[in-house]
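Right, one structure below, let's go through it.
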Amino acid sequence: MNAKEIIARRVALEISDGMLVNLGIGLPSMVANYLPDDVDVFFQAENGVIGLGARPPEGMEDPDLTDAGGGFVTAVPGAASIDSAMSFGLIRGGHLDMTVLGGLQVDARGYLANWMVPGKMVPGMGGAMDLVAGANRVIVAMVHSAKGAPKIVPECTLPLTAARRIDLIVTEMAVIEPTDAGLVLREVGPGVTVEQVRSATAADLIVESDVSEMPVP
Amino acid sequence: MNAKEIIARRVALEISDGMLVNLGIGLPSMVANYLPDDVDVFFQAENGVIGLGARPPEGMEDPDLTDAGGGFVTAVPGAASIDSAMSFGLIRGGHLDMTVLGGLQVDARGYLANWMVPGKMVPGMGGAMDLVAGANRVIVAMVHSAKGAPKIVPECTLPLTAARRIDLIVTEMAVIEPTDAGLVLREVGPGVTVEQVRSATAADLIVESDVSEMPVP
Amino acid sequence: MTCTGDAPMKTATKVAEAAEMIPEGAVLLIGGFMAVGTPERMIDALVARGVGGFTIVANDTAMPGHGIGKLVSAGLVAKAVVSHIGLNPETQQKMISGEMEVDLVPQGTLVERIRAGGVGLGGVLTATGVGTPVEEGKQTVEIDGKTYLLEKPIRGDYALIAARQADYKGNLEYALTAHNFNPIMALAGATVIAEPHVIVPVGAIPPDAVKTPGVLVDHLLERGQ
Amino acid sequence: MTCTGDAPMKTATKVAEAAEMIPEGAVLLIGGFMAVGTPERMIDALVARGVGGFTIVANDTAMPGHGIGKLVSAGLVAKAVVSHIGLNPETQQKMISGEMEVDLVPQGTLVERIRAGGVGLGGVLTATGVGTPVEEGKQTVEIDGKTYLLEKPIRGDYALIAARQADYKGNLEYALTAHNFNPIMALAGATVIAEPHVIVPVGAIPPDAVKTPGVLVDHLLERGQ
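Those sequence lines, one after another, are chains A, B, C and D.
Just so we're aligned, residue 78 is where the first sequence starts under the working numbering, counting upward by one.
Just so we're aligned, residue 78 is where the second sequence starts under the working numbering, counting upward by one.
Just so we're aligned, residue 4 is where the third sequence starts under the working numbering, counting upward by one.
Just so we're aligned, residue 4 is where the fourth sequence starts under the working numbering, counting upward by one.
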């Protein structure tokens, strides 16, 4: 199982019945593949649909029905079309139960940076700032390090996405929860030791006695 | 022809092709009866429709289709249902070409008071404050005096509807335009003299040489 | 991406059970304009139950015997935040006697304040009411040389809304002038109770016809008799 | 009340004529999200005409060869006010070289700023962007202990919008994820040019299906080939 699949499978466990969930493009969107059949949720694509469905059969694509990454999708029965004002009204207004986003850095305060690398990559924040500021629960799904450099750092050096403590970090090596006291290591990845997590993490980790191995169903 | 009919017929001349118009309840709503057949306009009922139509045939009333006064109406072909946010978005956003409202007082500045008499009558402002603040053109349609007391006064003693100069006052005695210089008498009612208008008006009137008799088709 | 799940069905709630949920003194956003597009069965159930002390937020208090007018007559309203009470003399009497507090808000400001509460904005900046008694006690903000009132967001403990049609997922459609405040209030109630005329199977309301997504609706009242 | 009149029919405008209306340097609100729900024929006509210096306000600049990406490639965009340029490397290059100015705005803030411009509000009070570079140079307002950015309204000289269907009065319907910014931009352009896929007779779009009332639309583009 590769790193991204471990992460997606673990994040899927955070989703429960009846939630409205927004998955960012890339790795976060893989989470939908690993939802148990008996979990009933609605996915929001912030570009305009509640009730995002799977890729359509070949030849059945509708150019007016895509996800936020521009890929062809379907809409599940009971889906609703929404314009951008309603879409972000739901996000900012506390109606979105969970968002799963990628990250460039998360720091000891639980602050996320994920929208630009000054002088190098300026994609823009798109909907990320509203999602982090507004969603009831924010999960950052990312590989633990970027080319050997830790992405979990004492303080973000990249521009912040929001001055809000995100709720959970899920990597292939660890599940980490930002708290008032700092970053608490909750779980380690399959076959990973606490020491390995520590050495791949630039921020201090609080390790309590009950660190378990990540369930990856 | 009674006073209200004179007023309604004169106001109707202010409406031209292609306008979006909101008529207040009571006297202003009579204006729709006197539009020439060749004038194509849309009426807005601020409670939720653009394209307000006549009263429906007996037995065809829809409880979900009324005007802002609660009376049964129809919708013309090409009508659009709007919610209250869209309705007042159109009003505040400069999309409403004209509103015709009743008045309790208008003063020398052209300011209107039409929503309460402290200690006596407190109906509430409903949509009137938004209409006066937002409509591109505001016409006040009212009888010239209330039980002998002038309604056009030096300064409103009743609470203002908005600190905006309205565009035209139409009564059965006169058409008066508020300007930077003050209230200008533009027309007198059928058979009414300038002197009669002056004595029924508490505010100063500017009378230029070209005061004509009101056309009442 | 594969999506195996979808959102849960609502179960239809009996109107008396819905009334039981609402505690004394709750803040209720109630849809309707002069009792058009008002959740009439829900109001009847609240009157039958007799618990009150409510703050109601609505366009108006309708007329005695209709819509919110019934709540006023039954003495269940402690405070009304509304734009108009002109057609309900009982509201005017209770306001003058001090039995009911009435906060008059311009209609466009009222709907935007509820929207702001529902979509997570900090307030509304409007020129409506500047230079009138509505301005009293409010912060004004100068923006590019023009003065605006800063009007606060409004949220409710419950939004009681009426709809033309719902599907089992709670997606709602409204009809003609019965839209009014309903779609906006659906955003701003901590709990949203919808009273549809008709309930249809999932799929019977196409996505483009949905005005209120079912994810906003907590309870659907069962179909009336 | 009798209403004898009704609003005038629109005449269908040829796309090249619509492009001719738009002066050099105009502020254009352009609907679409990654070129979905974008007025593609209008954009092609602007590229064919070659007059530019535009400020465009849109969700994104799409990709080279698609939607707004074609305006960028043709060098017609002086400034872009957008939430995302990540999938258009040309926009990034032109921004870095200084050929194009890019103002990045969070997506939810962008749509509310356009809405505020369209519905006559003085600004938007949002918590989005607080504590980030988006806050720089902006007034903050404290409301009930929470900090909000005061974001200014946006209006355009022209709104160029795409729709699924129009009737002769200009009433518009949108489809699925092709709604996006279109219904909001229809409120905020001094002149609104709508590009529908289909034009149907008056009455073929029922009042409850109308998302943009025809009174907002100034020009309807004639049906494409």
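By construction, the Cβ of each residue, glycine as well, lies at the ideal position given by its N, Cα and C atoms.
Rounded distance between the beta-carbons of residue j and residue i, thought under 8 Å
i, j, result
"C:Asn183", "B:Ser106", "Actually they do not touch by this definition, with Cβ atoms about 19 Å apart."
"A:Met206", "D:Val105", "No, A:Met206 and D:Val105 are not in contact; Cβ-Cβ is about 16 Å, not under 8 Å."
"A:Val126", "A:Ile92", "No, A:Val126 and A:Ile92 are not in contact; Cβ-Cβ is about 18 Å, not under 8 Å."
"C:Thr64", "B:Leu237", "24 Å between Cβ atoms; not a contact."
"B:Leu208", "B:Leu178", "6 Å"
"C:Thr58", "C:Ala81", "6 Å"
"C:Ile71", "C:Gly35", "7 Å"
"A:Ile216", "A:Val183", "Contact doesn't hold; Cβ gap of about 11 Å is too wide."
"D:Ala165", "D:Ala181", "7 Å"
"D:Val218", "B:Phe119", "6 Å"
Contacts of residue i in chain C (Cβ-Cβ under 7 Å)
i, result
"A:Gly211", "Gly123"
"B:Gly201", "Val85, Ser86, His87, Ile88, Gly89 and Leu107"
"D:Lys149", "Gly125"
"A:Phe149", "Those within 7 Å of A:Phe149 in chain C number zero; the least Cβ separation is about 10 Å."
Under 8 Å by beta carbon: chain B residues contacting residue i
i, result
"D:Gly206", "Pro154 and Gly155"
Other residues of its chain near residue i: CB distance less than 7 Å, five sequence neighbours each side excluded
i, result
"A:Ser289", "Glu264"
"A:His172", "Leu97"
"D:Asp9", "Unreliable placement is indicated for D:Asp9, whose pLDDT of 44 sits below 50; the coordinate value is still reported in the next sentence. Excluding sequence neighbours, D:Asp9 sits near nothing in its chain."
"D:Thr131", "Pro109, Gly111 and Thr112"
"D:Ala207", "Asp170"
"D:Val54", "Glu27"
"C:Ala19", "Ala48"
Chain B contact residues for residue i, given Cβ-Cβ distances below 7 Å
i, result
"C:Val133", "Ala240"
"C:Arg118", "Ala162"
"D:Leu190", "Gly166 and Gly170"
"D:Pro216", "Ile127, Ala157 and Ile159"
Chain D contact residues for residue i, given Cβ-Cβ distances below 9 Å
i, result
"B:Arg169", "Val122, Gly123 and Leu124"
Heavy atom of the ligand MN within 7 Å of residue i beta-carbon
i, result
"B:Ile92", "You won't find the ligand MN in this model; it holds no ligand whatsoever."
Best match in the options for proximity to residue i [C-alpha to C-alpha]
i, options, result
"C:Gly173", "C:Val84, C:Leu224, C:Val60 and C:Ala130", "C:Leu224"
"A:Glu249", "A:Pro267, A:Lys228 and A:Gly203", "A:Pro267"
"D:Leu179", "A:Ile253, A:Lys81 and A:Val150", "A:Val150"
"D:Gly101", "D:Gly78, D:Ser86, D:Ile117 and D:Val85", "D:Gly78"
"D:Leu163", "D:Asp147, D:Pro186, D:Ala197 and D:Thr150", "D:Ala197"
"B:Leu142", "D:Leu219, D:Gly217, D:Ile117 and D:Pro210", "D:Pro210"
"C:Ala212", "B:Ser158, B:Gly146 and B:Arg86", "B:Ser158"
"B:Ser164", "D:Lys214, D:His222 and D:Gly227", "D:Lys214"
"B:Thr176", "B:Leu262, B:Gln273 and B:Gln121", "B:Gln121"
"A:Val153", "A:Arg132, A:Val252, A:Asn79 and A:Ser286", "A:Arg132"
"B:Glu123", "B:Leu104, B:Arg169, B:Asp244 and B:Pro140", "B:Arg169"
"B:Met252", "B:Asp139, B:Leu104 and B:Val269", "It should be noted that the sequence gives Val, not Met, for residue 252 of chain B. Comparing Cα-Cα distances from B:Val252 to each of B:Asp139, B:Leu104 and B:Val269, the minimum goes to B:Val269."
"C:Thr16", "C:Arg116, C:Val205, C:Pro199 and C:Ala189", "C:Pro199"
"A:Pro294", "A:Asp114, A:Glu272, A:Asp94 and A:Ile102", "A:Asp114"
"A:Gly211", "A:Asn99, A:Gly201 and A:Ala156", "A:Asn99"
"A:Met193", "A:Ala277, A:Ala239 and A:Gly155", "A:Ala239"
"A:Thr198", "D:Ile99, D:Glu139 and D:Leu124", "Rather than Thr, the amino acid found at residue 198 of chain A in this sequence is Met. That would be D:Ile99, whose Cα lies nearest to the Cα of A:Met198."
Other residues of its chain near residue i: CB distance less than 8 Å, five sequence neighbours each side excluded
i, result
"D:Leu153", "Gly126, Val127, Leu128, Lys141, Gln142, Thr143 and Val144"
"A:Asp281", "Ala185, Pro231, Gly259 and Leu260"
"B:Pro195", "Leu235 and Pro236"
"B:Leu90", "Pro292 and Pro294"
Under 8 Å by beta carbon: chain A residues contacting residue i
i, result
"C:Pro210", "Val126, Gly128, Ala152, Ala156, Ala157 and Ser158"
"D:Leu179", "Gly125, Val126, Asp139, Asp141, Leu142, Ala152 and Ser158"
"D:Val75", "Correct list: empty, because the minimum Cβ distance to chain A is about 14 Å."
Contact list for residue i against chain D, beta-carbon separation under 8 Å
i, result
"C:Ala130", "Gly123 and Gly125"
"C:Val144", "Gly125, Gly126, Val144 and Leu153"
Residues near residue i in its chain [Cβ-Cβ closer than 6 Å; skip 5 each side]
i, result
"D:Lys73", "Ile46 and Val50"
"B:Pro255", "Gly187 and Arg242"
"B:Asp174", "Met96, Leu97 and Asn213"
"B:Gly180", "Leu189, Asn191, Val217 and Met219"
"C:Arg158", "Gly120 and Ala191"
"C:Gly227", "Arg44"
"C:Val220", "Gly173, Val195 and Ala197"
7 Å Cβ cut-off: residues of chain D touching residue i
i, result
"B:Leu245", "Here the premise fails: no neighbours, minimum Cβ distance about 20 Å."
Interface residues of chain C facing residue i [CB-CB closer than 9 Å]
i, result
"B:Ala122", "Thr180"
Cross-chain neighbours of residue i in chain A, by beta carbon under 7 Å
i, result
"D:Asn183", "Asn124, Gly125, Asp160 and Ser161"
Chain-ordered chain B contacts of residue i [CB-CB under 9 Å]
i, result
"C:Ile187", "Asp160, Ser161 and Ala162"
On the three-pair Cβ rule with 8 Å, is the segment 85-97 of chain C touching the segment 80-94 of chain D?
-> Touching, no, given that fewer than three Cβ pairs across the two stretches are closer than 8 Å.
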